[in-house]
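Here is the structure we will look at.
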């Protein structure tokens, strides 16, 4: 009985240990959180994509590929079933592309938002996500057009380098070189003229200073001429007053009949007339105060005589 009991205990222990190992293996291989299922619809094939390939959102792994199969309703489409974390922030404008892992060339599903579409509500579980062409696919698709453009450009360049076009191109290059040399010579000449230009600027400054000084002198001379003119006006007025006074004095002293005092009165009148003439001359030619009285015109027989002068 004791041996049977030990055998039974050993058997139960082995069974429990096996169940525990199976549970641990299932734990590590299974998912420990809730997921949502989506279907990625590919219209251009999915090269390099395998089951269990990662599904990424903005570079972060959020799930994996569960199944890859043709669409029963449209054989030109490939349906890729994916499982992603339930808390992944997928929106109604989510789109998919194929990404490539390093140098292995293996593909993965790269989810992202379509910036041309407004941000919508959270993506419902089981919804379909459009798979768009990857950058590499677009490049490969455009490769024939790019190669054709390169070939056309090469043909045009070859046409430009034949015969007459080649000669024209060489002449254009020579003209450009000559123009560059002319610009260099002009720059050298301009640098050589800089000292002369500085000296000329200095002389111009000195000239302006002299002009300013001459302007001040002219203003001072004008002020002096105005002062002398005012003096001449006062002299003329005084002469007129003196002449009037002389006449009144003549009447007061000599009366209507001058008699013996005629000589004295005439002397006073002559003096007043002389003062008046001098004042008039100063008014008409005030420069005579500085330059002297003007010389009379030459008479007959003298150098410079003009018979037509009145």
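Residue numbers (this note's numbering): 318 to 627. Glycine included, C-beta positions come from ideal geometry on N, C-alpha and C.
**Asked** In terms of alpha-carbon separation, which member of 448, 491, 379, 351 lies closest to residue 411?
**Response** 448
**Prompt:** How many angstroms separate the CA atom of residue 528 from the CA atom of residue 534?
**Reply:** 10 Å
**Asked** Do you know how far the Cα of residue 384 is from the Cα of residue 363?
**Response** 12 Å
**Item:** Delimiting residues of the beta strand (DSSP E) encompassing residue 359
**Value:** 352–359
**Exposure label - residue 427; buried when at least 16 CB within 10 Å** = buried
**Other residues of its chain near residue 394: CB distance less than 8 Å, five sequence neighbours each side excluded** = 358, 359, 360, 387, 388
**Asked** Quick one, are the C-beta atoms of residue 354 and residue 399 less than 9 Å apart?
**Response** yes
**Item:** Of the residues 409, 444, 497, 374, the one placed nearest residue 425, counting alpha carbons only
**Value:** 374
**Prompt:** Leaving out five residues before and five after residue 503 in sequence, what residues of the same chain have Cβ atoms less than 7 Å from its Cβ?
**Reply:** none
**Prompt:** Mind checking whether residue 365 and residue 325 have CB atoms under 9 Å apart?
**Reply:** no
**Asked** Which class does residue 447 belong to by DSSP, given the choice of helix, strand or coil?
**Response** strand
**Asked** Near residue 439, which residues of its chain fall below 8 Å by C-beta distance, leaving aside the five closest residues on each side in sequence?
**Response** 406, 407, 408, 409
**Asked** I think residue 352 touches residue 403, with their Cβ atoms under 8 Å apart; what is that distance to the nearest whole Å?
**Response** 6 Å
**Prompt:** Around the Cβ of residue 437, are there at least 16 other Cβ atoms within 10 angstroms (buried) or fewer (exposed)?
**Reply:** exposed
**Request:** Keeping to the same chain, check which residues put their C-beta closer than 7 Å to that of residue 418; ignore five residues upstream and five downstream.
**Result:** 425
**Asked** Using a Cβ-Cβ cut-off of 8 Å (strictly less than) and excluding sequence neighbours within five positions of residue 336, which residues of its own chain qualify?
**Response** none
**Request:** Would you mind sorting residue 538 into buried or exposed? The rule is 16 or more other CB atoms within 10 Å of its CB.
**Result:** exposed
**Prompt:** In terms of residues, what are the limits of the beta strand (DSSP E) holding residue 400?
**Reply:** 395–402
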